[in-house]
Each structure stands twice: as C-alpha cells, then as structure tokens.
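Here is the structure we will look at.
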Amino acid sequence: TAEKETLGFQTEAKQLLQLMIHSLYSNKEIFLRELISNASDAADKLRFEALADGSLYENDPDLKITITFDKDAKTITIADNGIGMSKEDVINHLGTIAKSGTAEFLSKLSGDQKKDSHLIGQFGVGFYSAFIVAERVEVLTRRAGLDKAEGVRWESEGEADFSVETIEKADRGTTIILHLREDDADFADSWRIRSIVKKYSDHIALPVMMEKQDMAAPAEEGEEEKKEENKAPEFETINNATALWTRSRADVKDEEYKEFYKLVSHDFEEPLTWSHNKVEGKLEYNSLLYVPKRAPFDMWNRDASRGLKLYVQRTFIMDDAEQFLPMYLRFIKGVVDSNDLSLNVSREILQQDPAVDSMKSALTKRVLDMLSKMAKNKPEEYAEFWKEFGQVLKEGPAEDFANKEKIAKLFRFSTTHTNVEAQDQSLEDYIGRMKEGQKDIYYVAGENFTTAKNSPHLEVFRKKGIEVLLLSDRVDEWLMGHLMEFDGKKFHDVGKGQLDLGELEDENDKKEQEELATANKDLIERVKTVLADKVEEVRVTNRLTESPACLVVGEQDMGAQMRRILEQAGQ
Ligand code: ADP
Ligand code: MG
Numbered sequence: 003t004a005e006k007e008t009l010g011f012q013t014e015a016k017q018l019l020q021l022m023i024h025s026l027y028s029n030k031e032i033f034l035r036e037l038i039s040n041a042s043d044a045a046d047k048l049r050f051e052a053l054a055d056g057s058l059y060e061n062d063p064d065l066k067i068t069i070t071f072d073k074d075a076k077t078i079t080i081a082d083n084g085i086g087m088s089k090e091d092v093i094n095h096l097g098t099i100a101k102s103g104t105a106e107f108l109s110k111l112s113g114d115q116k117k118d119s120h121l122i123g124q125f126g127v128g129f130y131s132a133f134i135v136a137e138r139v140e141v142l143t144r145r146a147g148l149d150k151a152e153g154v155r156w157e158s159e160g161e162a163d164f165s166v167e168t169i170e171k172a173d174r175g176t177t178i179i180l181h182l183r184e185d186d187a188d189f190a191d192s193w194r195i196r197s198i199v200k201k202y203s204d205h206i207a208l209p210v211m212m213e214k215q216d217m218a219a220p221a222e223e224g225e226e227e228k229k230e231e232n233k234a235p236e237f238e239t240i241n242n243a244t245a246l247w248t249r250s251r252a253d254v255k256d257e258e259y260k261e262f263y264k265l266v267s268h269d270f271e272e273p274l275t276w277s278h279n280k281v282e283g284k285l286e287y288n289s290l291l292y293v294p295k296r297a298p299f300d301m302w303n304r305d306a307s308r309g310l311k312l313y314v315q316r317t318f319i320m321d322d323a324e325q326f327l328p329m330y331l332r333f334i335k336g337v338v339d340s341n342d343l344s345l346n347v348s349r350e351i352l353q354q355d356p357a358v359d360s361m362k363s364a365l366t367k368r369v370l371d372m373l374s375k376m377a378k379n380k381p382e383e384y385a386e387f388w389k390e391f392g393q394v395l396k397e398g399p400a401e402d403f404a405n406k407e408k409i410a411k412l413f414r415f416s417t418t419h420t421n422v423e424a425q426d427q428s429l430e431d432y433i434g435r436m437k438e439g440q441k442d443i444y445y446v447a448g449e450n451f452t453t454a455k456n457s458p459h460l461e462v463f464r465k466k467g468i469e470v471l472l473l474s475d476r477v478d479e480w481l482m483g484h485l486m487e488f489d490g491k492k493f494h495d496v497g498k499g500q501l502d503l504g505e506l507e508d509e510n511d512k513k514e515q516e517e518l519a520t521a522n523k524d525l526i527e528r529v530k531t532v533l534a535d536k537v538e539e540v541r542v543t544n545r546l547t548e549s550p551a552c553l554v555v556g557e558q559d560m561g562a563q564m565r566r567i568l569e570q571a572g573q
C-alpha cells in the first residue's frame with residue numbers, strides 16, 4: 003500500500019538514540035563516517051549478490067557514493083547505488099537494533115556521559131549517529147532487483163517513532179537526507195565535508211563523489227550564467243578510493259591505518275598496534291590485523307561475533323570469518339583478502355578448506371609475532387594489552403599446543419620477586435633469576451592476589467630466596483595443567499604433594515626433617531587419629547618457618563583453586 007505508516011522504535015533503539023545525541027556531541031562529525039561506511043557495506047553486498055545474479059546491477063555497475071549539500075535548506079544528502087533496502091529491511095534495520103548483546107551493553111551504561119561515549123564507541127554507533135547533527139532524517143531507498151514501484155521512504159525525528167511509505171524510486175540504492183539542526187548547519191559546506199571525508203573515509207574502496215569546486219577565476223558575469231544553464235554539475239572523486247590493505251606498507255600513513263581500524267572494528271579508540279602483510283607464493287593473500295586498546299564488552303560471551311572481514315580478490319565476502327584465527331585470539335580485528343579462495347566460498351566451505359588452515363596458522367603466527375614485538379619494543383603498551391587481554395591469551399596453550407612455548411613467552415605474572423599485584427614478570431625474567439640448582443618453576447595459586455601472596459606454602463621459599471609465581475586468575479590452574487613446562491622446566495605447584503627442593507635443599511634440612519619426624523611420631527599419630535578421614539596423611543615439613551601447620555593436596559589431586567571453581571559451578 004502507498005499509505006504512510008507510523009511505527010515506534012524498539013525500546014533499545016530509542017535508548018541508543020538518546021544516548022547518541024547526548025554523549026557524542028564532542029565528536030559530531032563521525033556521523034559522516036558511519037553513513038559512508040554503511041554505503042560502502044551496501045556496495046560490498048551488492049557486488050557479492052551480483053556474483054550470482056549480474057542483473058542486480060541494472061545497467062549501473064559503477065558503484066559510488068555521492069554527497070551533495072544545500073546551505074540554504076541546511077541539508078546534506080548522501081546517496082549510494084548499493085544493495086538498497088526493501089520495506090521489510092527498512093523496518094528491521096532502521097527501527098531496531100539487531101546486534102547481539104544490546105541489552106547487556108545498555109545495562110552497562112552509567113549515566114556518566116564520558117564513560118558512556120567510550121562504551122557506545124565500542125558498541126558501534128551506526129546509522130543512528132545521523133541524529134547527532136540532524137533534527138530530521140529522510141531515507142529513500144530501493145533494493146536492487148525490486149521493481150521501481152517498490153521504493154520506500156522512511157522518515158524520523160529521532161524521538162519515539164518513524165514513518166514508512168512506499169514510493170517510486172527509479173534508481174536502486176539508498177539516499178539519506180539529513181535536515182541539520184540549527185546549530186549544526188555549518189556542516190553543509192563543501193570544505194567541511196571534504197575534510198571529514200578525507201579524515202575518516204579516504205581509504206574505503208568506494209569512490210566518494212562531490213560536485214567539483216570551480217577554482218577558476220570568476221568569469222565575466224554574463225558568461226558565467228550561461229555556463230551554469232548549459233552544464234550539469236560535474237562531479238569528482240574526493241577520496242583515495244583504493245582498498246587500504248592492497249596498498250604497499252610504505253604508502254600508508256599511520257593515521258590512515260588508525261582510521262581504517264575504526265572502520266573495520268567500529269571502535270572509537272585507536273588500535274594499540276597492527277600488522278600489515280602481503281603474502282606471495284603457494285598461497286596469496288593480504289592481511290591487516292589490529293590489536294584493539296580495550297577488550298570488547300562481550301569478550302566472555304561465547305556467542306559474541308569475532309573474526310576477520312573476508313575478501314576474495316578485493317570482493318567483500320563476509321564479516322566475522324572465524325576460521326582464520328584461533329579462539330584465544332578472538333580480540334584481533336582486521337581484514338584478510340585471499341586470491342586462492344573461490345568467490346562462492348561459504349562458512350561451511352571455509353571450515354573444510356586446507357588453504358584456510360594454512361592461512362590460519364600463518365595469521366596466528368603473525369599475531370604472536372606482533373605481540374612479542376610489542377612486548378619487546380613497547381613494554382608500556384604491552385602492559386596495557388596484558389591487562390585487557392592477558393586472561394584470553396591464557397586460553398592459548400590448551401587450544402594451540404603447537405604454539406605453546408611462543409604463547410607462554412607472552413605471559414606476565416606477579417611473583418614473589420616484586421610482590422606486587424600487577425602481572426608484569428615474564429617466564430624468561432623468572433628463569434633468569436632462578437637459583438643455582440633450581441630445576442622447576444614454582445607457583446602458588448590462590449583465590450586472589452592477597453591470599454596467594456600470604457600463602458603459608460611460601461615460607462620456605464622466602465627463607466631460601468626462591469622466587470614463586472603468584473597466580474590468582476581463575477584460569478591459572480587450568481592453564482598450568484596445559485602448560486606443564488616452559489624452556490624445559492616443569493611447573494610445580496608449591497601447595498601440592500611432597501615438597502622436594504632437590505639440590506636446593508641442603509643435607510642439614512633433610513636430616514633435620516627426618517629427626518623431627520622420628521621425634522614427633524606420637525604427635526603425628528594423634529593428629530592423624532583426630533582428623534581421621536578428613537586427611538590422607540600427616541607429615542612433618544620444612545615448608546613452614548612461621549605457621550604451625552598447612553594443608554597440602556596430593557600430587558595428582560586437583561588444585562585448591564580449581565576445586566573451588568568446580569564447587570561454585572555446582573559440581
Ligand atoms: P551496522 O552497519 O553495524 O550493521 P548501522 O546502524 O550502521 O549498523 O546500520 C544498520 C543496518 O541498516 C545495516 O546493517 C544495513 O542493513 C542497513 N543500512 C544502513 N545504511 C544502509 C545503506 N546505505 N544501504 C543499505 N542498507 C543500509
Ligand atoms: Mg554501519
């Protein structure tokens with residue numbers, strides 16, 4: 003029907019809209035980046051669908067974005083000839099937020115605008131950012147392949163509702179008209195728009211067109227008018243319009259890498275570091291991988307989307323291609339563009355393709371190398387990284403046995419050497435400080451840092467000046483179960499089994515202990531009887547120098563921390 007319908011925004015969408023308008027006022031210009039990025043996605047989608055059905059191009063194969071403005075009317079218009087939207091698409095995509103974890107995200111908002119604006123940046127601002135500068139937004143769109151009578155006009159003032167109606171639209175794609183707020187009317191300016199496009203969207207592969215500015219000296223009055231009457235305005239491309247990852251490293255400025263990161267990750271902040279590579283040989287592909295500054299709010303949500311943007315020979319194929327990196331590197335963002343995969347590749351095919359496996363191990367290695375480089379050259383940034391992502395990286399040895407040693411080199415721990423909670427000591431640091439005759443790497447695991455630090459099991463180690471790792475992350479004992487050893491040295495839980503310090507023990511210690519055991523035979527028997535089936539064994543020990551007694555679990559038993567985790571899980 004051609005009737006105009008008014009529909010309410012989904013509650014979450016309404017909340018997000020309000021938040022957007024109120025918390026992003028200091029960074030208004032990003033609305034253009036978001037709308038251009040959507041147009042670019044729409045072009046990618048059209049190209050992809052057209053692989054199977056070339057008629058979708060409708061004799062208009064040159065995909066582009068055109069930006070025009072009208073100073074007097076205070077409007078900016080952003081038009082693309084991408085995939086476009088059907089009426090159903092419009093209602094679903096411009097009235098609701100389909101993103102998983104939306105409710106979780108909204109529940110984290112604090113009301114503090116500065117903090118919230120960071121969060122919302124992580125979440126991705128998207129289409130609604132139009133309302134940062136516009137008091138009214140019109141969207142005219144038609145999906146490629148649909149009849150020209152099946153166009154749609156959507157309009158909203160960004161409050162509670164929006165309207166949709168069917169219109170006739172000859173050309174496919176989406177046109178967005180922003181009716182600027184009085185205070186933001188100065189965005190309707192050629193120089194302003196050009197500089198924002200340059201800043202945020204220079205590297206997208208799609209050309210952004212604007213009307214040519216007439217730089218020539220003004221012609222005689224009569225002449226100029228004639229010219230304007232005769233000629234349609236001429237347009238020119240104002241961005242670089244080549245996919246950034248296809249360019250050579252030497253030609254890409256850091257600023258461009260940073261902006262591109264924001265585009266692929268929907269993150270507001272700059273990345274910590276990145277690695278851009280072109281691989282030639284048996285397999286050919288480009289990759290551009292980024293380490294974000296901050297963990298996403300849904301990093302521990304197993305269903306959260308992860309993975310790289312996949313292109314095949316410059317054609318966008320899919321977002322969130324999970325097959326190119328292991329789970330423990332799920333925080334990495336970026337792009338992979340392969341020359342070997344088929345354009346028809348699907349997620350199912352990706353799972354079986356041996357080329358994908360080779361790429362996955364090469365990309366994994368790239369990421370681990372990028373992290374070790376950061377650890378070596380930029381320790382402060384690495385510390386930041388470790389704080390955000392260390393716990394995820396600790397999943398590595400279990401998932402990726404082949405890279406176990408490499409991953410372990412990236413680990414940082416608190417230890418009795420510094421006695422501070424910050425995890426900033428590497429295993430190599432530890433090994434460098436090992437005592438002569440020390441064979442194992444010792445650790446103690448506690449519920450939190452303080453418990454670990456004050457563990458009575460540490461007394462003898464303190465006395466002898468032997469360093470012990472202080473583990474208190476939930477994953478730590480589980481990690482140790484998979485790590486087993488590093489650089490040929492076994493990990494040894496000081497709270498487990500008989501404490502055998504080997505060569506670190508002097509003869510006197512041993513003799514003393516044996517004598518004590520004999521002398522206290524009766525006491526030991528009594529304690530055993532009293533504790534009966536609560537303990538397996540009672541022993542005299544050299545572990546303690548101050549505490550009278552401590553509990554030790556058997557060599558093969560589960561660690562205390564692990565046991566607590568399972569208990570909490572109801573097992
Ligand atoms: P995102 O881009 O992260 O999906 P947005 O809020 O930016 O989120 O956009 C929401 C959805 O609206 C897009 O996923 C897309 O389906 C649709 N959309 C927005 N702009 C366009 C456009 N120019 N052409 C086609 N579809 C669009
Ligand atoms: Mg978007």
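Sequential numbering from 3 applies to the sequence shown in UniProt numbering.
Note that beta-carbon positions come from the ideal geometry of N, C-alpha and C, so glycine has one too.
>> Restricting to Cα atoms, I'd like to know which of Arg464, Phe125, Asp426 is closest to Ser307.
In response: Phe125
> Name the DSSP bridge partner or partners of Val135?
Replying inline: Within the DSSP bridge table, the entry for Val135 names no partner.
> The alpha helix (DSSP H) spanning Trp247 covers which residue range?
Replying inline: Run containing Trp247: none; DSSP gives neither H nor E here.
> Taking 6 Å as the cut-off, does the CB of Ser39 come closer than this to any heavy atom belonging to ligand 2?
Replying inline: yes
> Between the segment 8–22 and the segment 43–51, do three or more beta carbon pairs fall short of 8 Å?
Replying inline: The segment 8–22 makes no contact with the segment 43–51: fewer than 3 CB pairs, one atom from each, lie closer than 8 Å.
>> Helix, strand or coil, according to DSSP, for Trp156 in the structure here?
In response: strand
> Given Asp322, which residues of its chain have a CB within under 7 Å of its CB, disregarding the five upstream and five downstream residues?
Replying inline: For Asp322, where only same-chain residues beyond five positions count, the Cβ hits under 7 Å are Ser307, Arg308, Gly309.
>> Within the continuous beta strand (DSSP E) that includes Asp82, where are the two ends?
In response: 77–82
>> Looking at the strands, I want to know which residues DSSP matches up with Trp276.
In response: Paired residues: Tyr292.
> How big is the Cα-Cα spacing for Asp243 and Lys491?
Replying inline: For the sequence presented, residue 243 should be read as Ala rather than Asp. Cα to Cα, the separation comes out at about 53 Å.
> So, do the segment 461–473 and the segment 517–534 have three or more beta carbon pairs nearer to each other than 8 Å?
Replying inline: By the Cβ rule, the segment 461–473 does not count as touching the segment 517–534, because fewer than three pairs are nearer than 8 Å.
>> Quick check on Glu516: does DSSP put it in helix, strand or coil?
In response: helix
> Under a Cβ-count criterion, where at least 16 other Cβ atoms within 10 Å of its own Cβ denotes burial, should Ala15 be classed as buried or exposed?
Replying inline: buried
> With distances taken between CB atoms, is the gap from Glu271 to Lys295 smaller than 7 Å?
Replying inline: yes
> Is any heavy atom in ligand 1 found nearer than 6 Å to the beta carbon of His181?
Replying inline: no
> For Val314, which option in Ala75, Leu345, Ile433, Gln20 has the closest C-alpha, if you only look at C-alpha atoms?
Replying inline: Leu345
> For Asp91, which option in Ala136, Tyr384, Thr143 has the closest C-alpha, if you only look at C-alpha atoms?
Replying inline: Nearest C-alpha to Asp91: Thr143.
>> Can you check which of these residues, Gly398, Ala447, Val358, is closest to Ser416 by C-alpha distance?
In response: Of the candidates Gly398, Ala447, Val358, Ala447 places its Cα closest to the Cα of Ser416.
> By Cβ distance, which residues of its chain are closer than 6 Å to Phe463, with the 5 residues on each side in sequence left out?
Replying inline: Answer for Phe463: Val470, listed in chain order.
> Just checking my contact of Lys214 with Glu238 at CB under 8 Å: how many whole Å lie between their CB atoms?
Replying inline: 5 Å
> Which residue's Cα is closest to the Cα of Val422: Ala454, Leu429, Lys396?
Replying inline: Ala454
> Can you pull the DSSP bridge partners for Arg144?
Replying inline: In the DSSP secondary-structure assignment, Arg144 is bridged to Gly175.
>> Can you find the residues in the same chain that come closer than 8 Å, C-beta to C-beta, to Phe451, ignoring five residues on each side of it along the sequence?
In response: So the list reads Ser416, Glu423, Leu472, Ser474, once near-sequence residues are dropped.
>> For a quick check, are the C-beta atoms of Leu373 and Leu412 less than 7 Å apart?
In response: Yes. Within cutoff.
> From Ile122 to Ser340, what does the alpha carbon distance come to, in whole angstroms?
Replying inline: 32 Å
> Quick one: any contact between the segment 129–140 and the segment 167–180, if contact means 3 or more CB pairs under 8 Å?
Replying inline: The count of Cβ pairs closer than 8 Å, one atom from the segment 129–140 and one from the segment 167–180, reaches three, so the stretches are in contact.
> Do the CB positions of Pro370 and Lys408 come within less than 7 Å of each other?
Replying inline: What sits at residue 370 in the sequence shown is Leu, not Pro. Cβ distance < 7 Å, so Leu370 and Lys408 count as in contact.
> Under 7 Å, do Gly160 and Leu19 count as touching if we go by C-beta distance?
Replying inline: yes
>> Between which residues of its own chain and Asp191 is the CB-CB distance below 8 Å, once the five residues before and five after are set aside?
In response: Result list for Asp191: Phe71, Lys73, in chain order.
> Where does residue 2 fall in DSSP's three states?
Replying inline: Outside the displayed span of the chain (3 to 573) sits residue 2, for which this structure offers no information.
>> Counting only C-beta atoms, is Lys367 closer than 7 Å to chain B at any point?
In response: In the structure shown, chain B cannot be found, because there is only a single protein chain.
> Rounded C-beta distance between Glu5 and Arg174? I'm assuming under 8 Å.
Replying inline: Actually they are not in contact, since the Cβ atoms of Glu5 and Arg174 sit about 23 Å apart, beyond 8 Å.
> What are the complete beta strand (DSSP E) segments, minimum 3 residues, inside the segment 302–365?
Replying inline: 310–314, 317–323, 335–340
>> Does residue 1 pass the burial test, meaning 16 or more other C-beta atoms within 10 Å, or should it be called exposed?
In response: Any answer about residue 1 is impossible in this case: the structure gives the chain only from 3 up to 573.
> Pairing CB atoms from the segment 194–208 with CB atoms from the segment 26–41, are three or more of them under 8 Å?
Replying inline: yes
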